[in-house]
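These notes are about the structure you will find just below.
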Amino acid sequence: MTEWIEKSVEGQFAQTVEWRRDFHAHPEVGYQETRTAARVAELLREMGLEDIREHVGGNGVTALIRGTRPGPQRVLALRADMDALPVTEETGLPFASQNPGVMHACGHDGHMAMAMGAAKILRQNRDKFSGTVKMIFQPAEEPAPTGGARAMIADGALENPKVDAVMGLHLWAGEGRPAGTVLVKRGVVTTVTDVMQIEVFGRAGHGSSPHLNVDALVAGCKIVDGLQTIVSRQVDPFDTAVISVGTFHSGTVENVTSGYTKMRASVRTLSVEMREHIKECVRNLLEGVEKSMGVATKLDYQDGYLSTVNDDGMVDLLLEVCREELGEGAARIVQRPETWGEDFSFFAERVPGVFAIVGAAYDDGREIYSNHHSRFDWDERAMKNGMKLLTGTAVKFLNA
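The sequence shown runs contiguously to residue 1403 in the numbering used here.
As structure tokens, this is what we get:
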């Protein structure tokens, strides 16, 4: 354990909790993080960070910490997402959301606070490392399929100075992920996540004469049924795909055959190649329903987030930091990727990256509500682990 990192994190923890609770009480959904971004920039200025840029790719914020130790002049980016979810909070916490219908239900409040804590520690210990740490506070991680990462990259978040590698952490409070654990995976970490909308156009008419109409509702049901068999019959059992129809709207009254149906679905795969295969299967399905039922269809398939792919060298580095700063056994090597999406993937597509899950579940017997639940809460002590990992990885990478 690095003594100065341990002492710095312990000394910084109380303020980090304050920051987290302030962010939690004032959540803002993706593309609306104006108060959040302004607060982030204000805190970075108070810490003395350099080259603070606001409105990067929307509400994004970047800043630099330049080390003073002689050595290689590499650049490591530490990324934290800022947005909340359109969820009505039911935690009863004294610092619960003050914005009705909006809640930090995925831990992004903690991501910002951990990154802030690490930034302050690194700024106060610039003599411990060479090179530069680039802080990236990203808006709009939740609104797939667009997201804020691509906009920040297009606006130069990985340039001036050019970033050599990137790191991100995600707090998770699900079962089996208590505070003190870190889940790390080599290779593919999260799935490709897309959204598709299917519209079905028939001909409405009186329910007593269905033979004179073209029923878009029944055709829509055929499509939903067919979407399920794509995964079960047209995807290799040793590969992975998930198609989930989340909305289905058709008809207006019980005695009129529907002339229009609209549905939206999420599609999750492990590769761009499987994404393209799913697209082809959906098109073939719609063509068959059109011919067999006399309807017309329209497919709007929106490519979303790529798979987050961890760089082996960066994983090795993070595991070494885990052992040094958290102790043997803290890191758990996982074999299965997560089936949720994460637009950190676009940063890791451009430069070598590592993305890990920091366990944050309480272990005192209380009921655990996982991320995105209206009662989601987590053990704030997990932020100590996050700060140690961010700080330790930055120092080790830049001094290598």
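Every residue, glycine too, gets a C-beta built ideally from N, C-alpha and C. Model, not experiment: these values are computed from the prediction.
Within a 10 Å sphere around the beta-carbon of Met1115 sit 16 or more other beta-carbons, which makes this residue buried. The C-alpha of Gly1095 is placed about 13 Å away from the C-alpha of Tyr1372.
Rounded to whole angstroms, the gap between the alpha carbons of Ala1222 and Lys1301 is 13 Å. Excluding sequence positions up to five before and after Gly1063, its CB lies within less than 6 Å of the CB of Gln1141, Pro1142 and Met1155, all in the same chain and listed in chain order. Within the segment 1187 to 1233, complete beta strand (DSSP E) segments of at least 3 residues are found at 1195 to 1204, given in chain order.
Only exposed fits Thr1250, as fewer than 16 other CB atoms lie within 10 angstroms of its CB.
Here Phe1379 has Ala1108 and Tyr1372 as same chain residues with Cβ atoms under 6 Å from its own Cβ, once five neighbours each way along the sequence are excluded. Straight-line measurement puts the Cα of Leu1081 at about 32 Å from the Cα of Glu1279. Between Val1192 and Glu1341, the CB-CB gap stays under 9 Å. Per DSSP, the beta bridge partners of Asp1303 are Gln1200. Using a Cβ distance threshold of 9 Å, Leu1079 and Val1361 do not count as a contacting pair. DSSP, reduced to helix, strand and coil, places Glu1323 within a helical segment of the structure shown. In the three-state scheme derived from DSSP, where H, G and I count as helix and E and B as strand, Asn1128 is classed as coil. With contacts defined as CB atoms closer than 9 Å, Pro1148 and Val1090 fail to qualify as a contacting pair. Excluding five sequence positions before and after Val1238, the CB atoms of its chain that fall closer than 6 Å to its own CB belong to Ala1244, given in chain order. DSSP places Ile1371 in no beta strand (DSSP E); its state is neither H nor E.
For Ala1028, the enclosing alpha helix (DSSP H) covers residues Glu1006 to Ala1028. If the five residues before and after Gln1101 are omitted, its C-beta is found closer than 7 Å to the C-beta atoms of Ala1028 and His1029, all from its own chain and listed in chain order.
CA-CA distance, Ile1233 to Gln1076, rounds to 50 Å. Remark: C-beta atoms of Gly1262 and Phe1204 approach each other more closely than 9 Å.
The shortest C-alpha to C-alpha distance from Thr1019 to any of Ala1385, Ala1397 and Val1398 is the one to Ala1385. Straight across, the Cα-Cα distance linking Ala1176 with Asp1167 is about 31 Å.
A residue is called buried when at least 16 other Cβ atoms come within 10 angstroms of its Cβ; Val1318 meets this threshold and is buried. With 16 or more other Cβ atoms inside 10 Å of its own Cβ, Met1266 counts as buried. By the Cβ neighbour-count rule, Lys1165 is exposed, with fewer than 16 other Cβ atoms within 10 Å of its own.
Straight-line spacing of the CA atoms in Gly1330 and Glu1323 works out to 10 Å. Counting C-beta atoms within 10 angstroms of its own C-beta, Glu1345 has 16 or more neighbours from the protein chains shown and is therefore classed as buried. Considering only Ser1235, Leu1186, Lys1123 and Asp1367, the residue with the shortest C-alpha distance to Val1043 is Lys1123. Within 10 angstroms of the beta-carbon of Glu1092 lie 16 or more other beta-carbons, which makes it buried.
Beta-bridge pairing by DSSP links Phe1140 to Val1064 and Ala1083.
Between Ser1348 and Ala1040, the C-beta spacing is not below 9 Å.
Nearest to Gly1070 by alpha-carbon distance, out of Glu1006, Gln1127, Gln1035 and Glu1145, is Gln1127. Leaving aside the five residues that flank Gly1291 on each side, none in its chain has a CB nearer than 6 Å to its CB.
By the CB criterion at 9 Å, Val1169 and Leu1067 fall outside the cutoff. Here Asp1314 has Pro1355, Gly1356 and Val1357 as same chain residues with Cβ atoms under 7 Å from its own Cβ, once five neighbours each way along the sequence are excluded.
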